[in-house]
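Residues 14 to 144 (my numbering) make up the sequence shown, in order.
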Amino acid sequence: MATLNKTASDWTVILLGVVGFLLGAEGILNPHFQYKMLGLTALGNVIPALLGSASLSASYVGILYIVGVIHRWKHVKRYLIGARLLMGVGFLGLMAIGRMPQTYRAAAVWEIAGALLIAGALWWDMQHEAN
Numbered sequence: 014m015a016t017l018n019k020t021a022s023d024w025t026v027i028l029l030g031v032v033g034f035l036l037g038a039e040g041i042l043n044p045h046f047q048y049k050m051l052g053l054t055a056l057g058n059v060i061p062a063l064l065g066s067a068s069l070s071a072s073y074v075g076i077l078y079i080v081g082v083i084h085r086w087k088h089v090k091r092y093l094i095g096a097r098l099l100m101g102v103g104f105l106g107l108m109a110i111g112r113m114p115q116t117y118r119a120a121a122v123w124e125i126a127g128a129l130l131i132a133g134a135l136w137w138d139m140q141h142e143a144n
């Protein structure tokens, strides 16, 4: 059952989920904000479709974060750490080989920072469980 008695890592994942959901919703409702945030200019019909898809994904994943914590899915936080690291390193790799604009550096930092925040909060929880 959902309670307000959450750990630091629970609240970290919930916060990242809310931010992801809100950024996704903003991209759906106002794609020009997303273009500006990513430093892109809209070219033809491809970019709106791709960013719309990414916005829906961000909203979905944000909800997944929150539901995972509320229902206490055992390994959701460890999964999220791995998934965020993969995304961040993937963005950096694609930028390095010229297949993604350098403006995505902020997205890579966001993903890696989120993974580190969750890992740090999990570490904090383990330290305080032991005491």
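Note that beta-carbon positions come from the ideal geometry of N, C-alpha and C, so glycine has one too.
Check: Between the C-alpha atoms of Met14 and Met113, what's the straight-line distance to the nearest angstrom?
Finding: Because Met14 sits at a pLDDT of 49, beneath the cut-off of 50, its placement in the model cannot be relied upon, and the following sentence gives the value as read from the coordinates. Between Met14 and Met113, the C-alpha separation is close to 42 Å.
Next item on the list: Report buried or exposed for Ser22, applying the criterion of at least 16 other Cβ atoms within 10 angstroms of its Cβ.
Entry: buried
Next item on the list: Look up Lys87 in the DSSP assignment and say whether it is helix, strand or coil.
Entry: coil
Next item on the list: Name the two residues that bound the continuous alpha helix (DSSP H) containing Gln47.
Entry: Pro44 to Leu51
Check: Going along the chain, which unbroken runs of the alpha helix (DSSP H) with 4 or more residues stay wholly within the stretch 62-131?
Finding: 89-109
Notebook entry, point to check: So Lys90 packs on Ile131, CB below 8 Å; how close in whole Å?
Noted result: 6 Å
Checklist line | Helix, strand or coil at Thr25 according to DSSP, with G and I counted as helix | finding: helix
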